[in-house]
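Here the working numbering = 1-based position in the sequence shown + 25.
All remarks here apply to the structure that follows.
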Amino acid sequence: QVQLVESGGGLVQPGGSLRLSCAVSGSSFYRNDMGWFRQAPGKQRELVAQIARDGSTMYADSVKGRFTTSRDNAKKMIYLQMNVLKPEDTAVYYCRMRNPLTGIDYWGQGTQVTVSS
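Structure, rendered in structure tokens:
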């Protein structure tokens with residue numbers, strides 16, 4: 026059974042930093058593409074960052090230069106380092122794993138990030 030578990034969310038002041046983690050179990054992690062999404066109240070879920078199985082990355086324009094994603098295939102983990110956080114970054118952040126062959130997506134339960142003074 027595939028499971029994704031996010032951690033690292035919390036309350037931070039504007040300009041601060043947080044590091045999110047996503048632990049994956051029950052899957053051949055290294056074969057899959059990974060992504061971070063977020064959903065703010067009243068808004069649709071949006072892509073924040075992606076890291077492919079070959080390690081290539083892409084970022085939403087709103088977070089470029091502030092967020093960095095990485096993966097550790099040995100630990101079956103991905104990370105999202107978030108710097109210079111803004112109030113508009115407040116959302117529930119989700120980790121997603123996509124099997125590139127089947128197109129099947131797996132999601133974590135999400136972790137709340139709140140940026141407020």
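Glycine included, every Cβ here is placed at the ideal spot set by N, Cα and C.
From a predicted model like this one, the values you see are computed outputs, not experimental measurements.
Does the Cβ-Cβ distance between glutamine 26 and glycine 51 come in under 8 Å?
Taking 8 Å as the Cβ cut-off, glutamine 26 and glycine 51 qualify as a contacting pair.
With DSSP as the reference, label aspartate 86 as helix, strand or coil.
The answer is coil: DSSP assigns aspartate 86 none of H, G, I, E or B.
Grouping DSSP H, G and I as helix and E and B as strand, with all else coil, what is glycine 56?
Looking at the sequence provided, one finds arginine at residue 56 rather than glycine. Reduced to three states, the DSSP call for arginine 56 is helix.
Strictly by DSSP, which residues pair up with glutamine 106?
Glutamine 106 is bridged to Arg44 and Thr93.
Looking at the strands, I want to know which residues DSSP matches up with alanine 24.
Since the displayed the chain opens at 26 and closes at 142, residue 24 lies outside it and no answer follows.
CA-CA distance, lysine 89 and tryptophan 132?
Whole-angstrom Cα-Cα distance: 23 Å.
Less than 8 Å between the C-beta atoms of lysine 101 and valine 30, yes or no?
The answer is no: Cβ separation not under 8 Å.
Per the DSSP calculation, serine 50 is bridged to which residue(s)?
Paired residue(s): Gln28.
Let me check understanding here. Comparing Cα to Cα, which of Ala77, Gln75 and Ser87 lies closest to lysine 111?
The residue with the shortest Cα to Cα distance from lysine 111 is Ser87.
Are the beta-carbon atoms of leucine 105 and alanine 74 separated by less than 8 Å?
Cβ atoms of leucine 105 and alanine 74: closer than 8 Å.
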